[in-house]
Amino acid sequence: MDEDAAGVKDEPSLFPRVLIAGISVAVVVLFAALIWMIYSQGEGGGEPILVKAPEGPTKIEPEDRGGMDVPHKDKLVFNRVSGERSDADEQLRPIAETPLERPDVPSLEARIEESAEPVASGVKDIVAAVSGDRDKDDGAKAAVADMKANEPDMAEKDAEKDSAASKPSKEKAAAGLPRDQWAIQVAAYRQKHYAQTWMIKTKFEHKEVFGDLTSELVETKRDMATYYRVRFGSFPDRAAALAKCDEVKKLDLNCIVVAPE
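If you count by the numbering used here, then the sequence shown holds residues 348 to 608, one letter each, in order.
The following block contains the structure:
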């Protein structure tokens, strides 16, 4: 290779540049033509189209609605659609109350005059009674003397009444299990009504064990508290009480023997 050929450089070709520029121009022209066609499409097409609802009623009752024939069904609905007013009157709020007639009340002066007449007659009666009482003072004094004389007899009657009233309470206190025989204690409660309820329920549910026994509640105070003990009895000796306790324990209940006092 000679020196002239080695010193000359190859120049870049202009064909790729011209091709890119031509493609760009073609794309711009096509885009502009597309826009022009879109905007000029409606020109010369006549009047614009108007969209509107069809004429006539929006809802029409069908001739054959089908289904089961139910009387008076949808009656109010069709009346409202057609604009007709329903027969029933609508009441938005309660009717105002009718005021009552004011009663005729007599005046204050008339009432004072009416009340003055009974007062005057009452005063006359009081005066007459006072004059009559003066005549009866001697008889009253004699009656008072007789009452004082009969005071010992009345005191004796009062004492008899008190003793008669105290007898039922003593009998009531003595009621219950005899204290000279053996008994069994099954439960104890702090509240009396709980103890009574449990005693009645247990005796009813277990008649075969407690049916022939007498029950009672014994009030006992212990450790600054009151307890109501449920007891059943009575038994002639300790062996009979222990035998009954064995039957009670088979019912998953507690039982202890209470010795006679």
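Beta carbons are placed, not taken as given, at the ideal position from N, Cα and C, and that holds for glycine.
Distance from the CA of S387 to the CA of P404, rounded to the nearest whole angstrom, comes to 40 Å. Y575 has Y536, E566 as its beta-bridge partners, per DSSP.
If you ignore the 5 residues before and after T561, its C-beta comes within less than 8 Å of the C-beta of G523, L524, F579, G580, S581, all in its own chain and listed in chain order. At a Cβ-Cβ threshold of 8 Å, A587 and L564 do not count as neighbours. With a threshold of 16 other beta carbon atoms within 10 Å, F551 falls short and is exposed.
Its Cα nearest to that of V577, the residue I603 stands out among D593, L589, I603. Under DSSP, G580 shares a beta bridge with A530, T561.
Of the candidates G558, H553, I531, E608, I531 places its Cα closest to the Cα of K591. Excluding residues up to 5 positions away in sequence, Q528, W529 lie with their Cβ nearer than 8 Å to the Cβ of P583 in the same chain.
One alpha carbon belongs to I407, the other to A380, and they sit about 52 Å apart. Considering only D411, A457, E594, R458, the residue with the shortest C-alpha distance to V556 is E594. The criterion of a C-beta distance shorter than 8 Å is satisfied by Y575 and A535. Residue burial is scored here from C-beta neighbours: T567 has fewer than 16 other C-beta atoms within 10 angstroms and is therefore classed as exposed. M546 sits buried, since 16 or more C-beta atoms from the chains shown fall within 10 Å of its C-beta. In the DSSP assignment, V398 falls outside any beta strand (DSSP E) and carries neither an H nor an E.
Rounded to whole angstroms, the gap between the alpha carbons of K554 and E608 is 28 Å.
Per DSSP, I382 lies in no beta strand (DSSP E); the unbroken alpha helix (DSSP H) holding it starts and ends at 362-386.
Between A572 and R537, the C-beta gap is smaller than 8 Å, which places the two residues in contact. Under DSSP, I603 takes part in a beta bridge, and its partners are Q532. Just so you know, the alpha carbons of L447 and S454 end up roughly 20 Å apart. Around the beta carbon of T549, 16 or more other beta carbons sit within 10 angstroms, so the residue counts as buried. One Cα belongs to R585, the other to L600, and the distance between them is close to 19 Å.
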